[in-house]
Structure formats: structure tokens, C-alpha cells
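Just so we're aligned: the sequence shown equals residues 3 to 417 in the numbering used here.
This report concerns only the one structure given below.
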Amino acid sequence: MPTNLRFSPTKAIATLLLVFLFVQIPLTQNTDDKTHINVYHILLLLLPFLYVPSLKHFRINTATIFIVVLTITTIFAAPAYGAGLRSTQLVFVVMAFFMGSMYGRKFDDQDWTKIFSIVFVCTVIFVILRDIAFAGQLAAIYTRTGYAANMLYLSTGGRNIEASLLVMLSILLLGTRLYFPSIMLALLTSGMMQSRAGLIGTAISLWIFLWRTRKNKLYYLNLALGLALLVLMAALIFTSVVDIPVLDRFNLKSETELEQNGVGRLVLWHYAGVALHKNLLGYGIGNGVPVMEKLSGIAFVENNVHNVYLQFLLEGGVQSLAAYLIMIVAILFKRATTPMQRNVKAYLICYLVLSTIQFNGSEAYLWFFIGAFFAFPKWTADEAPTPVDHPGPAQSLPLAYQNDNPALIHLQEPR
3 MPTNLRFSPT KAIATLLLVF LFVQIPLTQN TDDKTHINVY HILLLLLPFL YVPSLKHFRI
63 NTATIFIVVL TITTIFAAPA YGAGLRSTQL VFVVMAFFMG SMYGRKFDDQ DWTKIFSIVF
123 VCTVIFVILR DIAFAGQLAA IYTRTGYAAN MLYLSTGGRN IEASLLVMLS ILLLGTRLYF
183 PSIMLALLTS GMMQSRAGLI GTAISLWIFL WRTRKNKLYY LNLALGLALL VLMAALIFTS
243 VVDIPVLDRF NLKSETELEQ NGVGRLVLWH YAGVALHKNL LGYGIGNGVP VMEKLSGIAF
303 VENNVHNVYL QFLLEGGVQS LAAYLIMIVA ILFKRATTPM QRNVKAYLIC YLVLSTIQFN
363 GSEAYLWFFI GAFFAFPKWT ADEAPTPVDH PGPAQSLPLA YQNDNPALIH LQEPR
């Protein structure tokens, strides 16, 4: 049995962490500052202590520079604007980034494929059990026609984040046998929950899939399957109800009506602009919405402005936004040389697109993969791993690598 197929304790811990990053089980909730403590918060506080020796491999890059700039801004803003519980998001950003950096250096494509597959299976199990537990409220949940008390979503962010997480998980499974089940689940969830971000993300995932298979001998079969999913998406839209409510979610008029009632993205963006007129150097992490509430007199339901770029400008100032944009450029230009590295890069790009209408920028499932992506090995043309088919169970994996490849020696250390 090849060494890299063994499921070591390190891989088990990584899998456990990723499962709880995608299936966010809340432990407590603070309604005053709209914060939750989830299982993954506890894991991120404890697990890094197991890997303190790995700090010697930690490298400075554009991501670490951004984190430092944002941290310094928050520290200097604290005396004037305070530092509430939400400012502790920085701690979890650092911890998630560190864990991703360590695992990105240690694991190869086979490891990631196995881990992501288990994460997807656990996610499906959670959705099934959740739907059974809330069977009497599913109509309100999946048709967006009502509110279910104490409803468990994949994320404490609710419907849109659940749909987005399923879409991004499907991107991590590109090239595996679980891609179609994952994208179908993402599509159905996004359509029924009427999630704009989910539907946009589904289109991105399908486009990446079709683009990658354009030179494959199975291209036309894949194209047909992709088109079938798009037809299914259209069917979900046009058969929901007569007035096609999911299309209304893309209608700017509905956002304008929400703004008049003091809710929705437009009102958040408006008062974020008002706050920026008073301070362009940042209010500190977690202080953006509270400052907007003081300026507007509105008690916002949201704890972020639903635009990561605006969020970092508001809370981190122009200096933090500039550092963040530099990091994005570095991600876009960093070469990904293996299938799973390309999947992670596509995952990050999908997040960057969707973050124009949601997210807050401090999500652990963002910074874990940023850390992993920057830590991935830099293969040269001669060192790139060579695919080889293994008989038996290994055939379920998209790629297996030669164990005698010199470039993989550092990946064969005990884990």
C-alpha cells in the first residue's frame, strides 16, 4: 500500500478541522454584537499548539503583510473606537492561516482529494440530518417564505452562505467523481433558497469545469451534463411560482425597496460611505457596523457590509485595502501546477468574486486556503509530479504520484 494513502493522525486532524469549517455548529451566540462561537473556533485555538515546531517553516508573503497591516490598524483604532468581541476575528484569521500554511506544505493531491471527499460526505450527512430534524419547517427554509426558529445552516451566516459554501466545496472536488453530486447539491440548494451568490457561484463552478475539460475526449459528454445542470437551474427558476421569486432576487428594484425600510445591501453601502467620509484610515476590525449604526440611528441586522473590499476599507483603512489587493494580485499570478492546487486557486477566485456581495473577509474557510495556497510546493517543469495509475481502490482518486519522484521527498516525511 503506498505510503501516501495512509490516513495519518495529521490528516485526521486536518479533516476534522475542515469538516467544522464547512459545517459550522454554533455553541453560543451574543445578540448584542451579533457574534457566534462555533466548534471551529475552539479547534483553531487548540490545534495550532500541536504544530508549534512548524513555525520554522513560516514565511513572510503578501498575506502575512496584509494581516500585520490590519492588526496594526485595529490596535491604533482601539483607543478611539473600542475593541469589542468582534475584533477577536483577527486571532482566528491568524490561526486559520497558520493551519492552512502547515497543511499546504505537508499534503499532496491524493491527501487533499481524500480529505475533501470526506468533508463533502460529512456535509451531506449534516444536511440530511438537519432536514430531518427541521422537517416541519423545510418549506419556509427552502422557499425563502418564512423564518425557522433556531434553524441550523451550514454557516451561522444563513441561507446565502450555505449555498456559497456548497458551491465552493464543489470547486475543491473538480476532477473527482464527487464533483457532479456536489455541484448538483449546490445548484438545488441555491435555486430553492433563492441565493443570488449561490447561483452565481454555481455558474462559475460549471464554467471552470467545462473550460478544463474542453480538450478532453469526454468533453462533449461533460458539456451535455453541464448543460443539463443549467437546464435544471432554469427549470428551478421558472417552475418555482408564477412570479418567479428567484429572479426578483436579481432585481435592483427589490434592493431599493429594502433600502427604504432601512435594511439590505444598499443601505449598508450608503452608510459605509458616510462613515468613510469621516475616516479613511480605518475604524478597526469589528467596529464598522457599530459606527454606521451611530451615524444612521439604525440597528442593523447584519454584522458586516456584505462587500469584503468595502469592509476592509471601512475597518482597515486605505492601507489595509491596498495590502489586500496586492495579496489578491499575488494569488492570481502564483502558478498552480497540480490539479488540486488549481482547485484551491479556483476556490479563492470564486470567493473573491462572491465577496463583492457577501462575506466579511475574516472567514476561517478563506484564510485556511490562502495559507495553504501560499505554502504549496513550487514545482519546476522537471519536478512536476507524474501521474500514474494504481490498481484497486486508488483508482477512485484523480491522480496518484510516483513515490520515487525527488520533488516529493519532502512530502514523504512522517505525518
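No residue lacks a Cβ here, since even glycine has one placed at the ideal position from N, Cα and C.
For clarity, every value in this text was computed on a predicted model and none was experimentally measured.
| Check | Outcome |
| --- | --- |
| Here's a check: name, in chain order, each residue in its chain whose Cβ is nearer than 8 Å to the Cβ of Ile44, leaving out the five neighbours to either side. | Leu29 |
| Does DSSP put Leu156 in a helix, in a strand, or in coil? | coil |
| Once you ignore the five residues that flank His37 on each side, which residues in its own chain have a CB closer than 8 Å to its CB? | The residue asked about is misnamed: residue 37 is Thr in this sequence, not His. For Thr37, where only same-chain residues beyond five positions count, the Cβ hits under 8 Å are Gln31, Leu87, Arg88, Asn305. |
| Express the C-alpha separation of Tyr311 and Thr286 in angstroms, rounding to a whole number. | Per the sequence presented here, residue 286 reads as Gly, with Thr not at that position. Their Cα atoms are separated by approximately 14 Å. |
| Exposed or buried, what is Trp369 when buried is set at 16 or more other beta-carbons lying within 10 Å of its beta-carbon? | buried |
| Taking the alpha-carbon positions, what's the Ala374 to Phe361 distance? | 20 Å |
| Buried or exposed: where does Lys296 fall if 16 or more other Cβ atoms within 10 Å of its Cβ makes it buried? | exposed |
| Gln262 to Trp271, Cα distance in whole Å? | Per-residue confidence for Gln262 stands at a pLDDT of 49, beneath the threshold of 50, marking its modelled position as unreliable; the derived number appears in the next sentence. Roughly 13 Å separates the two Cα atoms. |
| Just grab the DSSP bridge partners of His38 for me. | Gln31 |
| Alpha carbon to alpha carbon, what distance is there between Asp133 and Ile62? | 44 Å |
| Keeping to the same chain, check which residues put their C-beta closer than 6 Å to that of Val291; ignore five residues upstream and five downstream. | Phe302, Asn305 |
| Can you look up Phe370 in the DSSP assignment and give me helix, strand or coil? | helix |
| Is it buried or exposed for Arg337, if we count other Cβ within 10 angstroms and need 16 for buried? | exposed |
| At 4 residues or longer, and completely inside the region 60 to 87: list those alpha helix (DSSP H) runs for me, N to C. | 64 to 83 |
| Thinking Phe335 and Tyr326 are a contact (beta carbons under 8 Å), I'd like their distance in whole angstroms, please. | So it is not a contact: roughly 15 Å between Cβ atoms. |
| Hey, is the region 174 to 182 in contact with the region 205 to 219, meaning 3+ C-beta pairs nearer than 8 Å? | yes |
| Assuming Tyr285 is part of the alpha helix (DSSP H), what are its boundary residues? | From DSSP, Tyr285 is part of no alpha helix (DSSP H); its letter is neither H nor E. |
| If you reduce the DSSP assignment to three classes, tell me which class Asp111 lands in. | helix |
| May I have the straight-line CA-CA distance separating Phe182 from Ile372, to the nearest angstrom? | 25 Å |
| Check whether the region 266 to 283 and the region 51 to 71 are in contact - that is, three or more C-beta pairs closer than 8 Å. | no |
| So the candidates are Lys116, Ile117, Gly84, Ala65; which of them puts its Cα closest to the Cα of Val95? | Ala65 |
| Starting from the C-beta of Thr340, find all residues in its chain whose C-beta is less than 6 Å away, skip the five residues before and the five after it, and write them out in chain order. | Asp111 |
| Shorter than 8 Å from the beta carbon of Arg198 to some beta carbon of chain D? | No chain D is part of this structure, which consists of one protein chain only. |
| For Ser157 and Ala274, I'd like the C-alpha separation in whole angstroms. | 25 Å |
| Whole angstroms is fine: what's the gap from Ile74's alpha carbon to Ala277's? | 20 Å |
| Could you tell me the alpha carbon to alpha carbon distance between Phe118 and Ala80, rounded to whole angstroms? | 39 Å |
| Closer than 8 Å is the cut-off here; do at least three beta carbon pairs connect the region 162 to 176 with the region 188 to 208? | yes |
| Examine the ligand GTP and report whether any of its heavy atoms sits within less than 7 Å of the Cβ of Ile74. | Looking at this structure, you won't find the ligand GTP or any other ligand, since it has none at all. |
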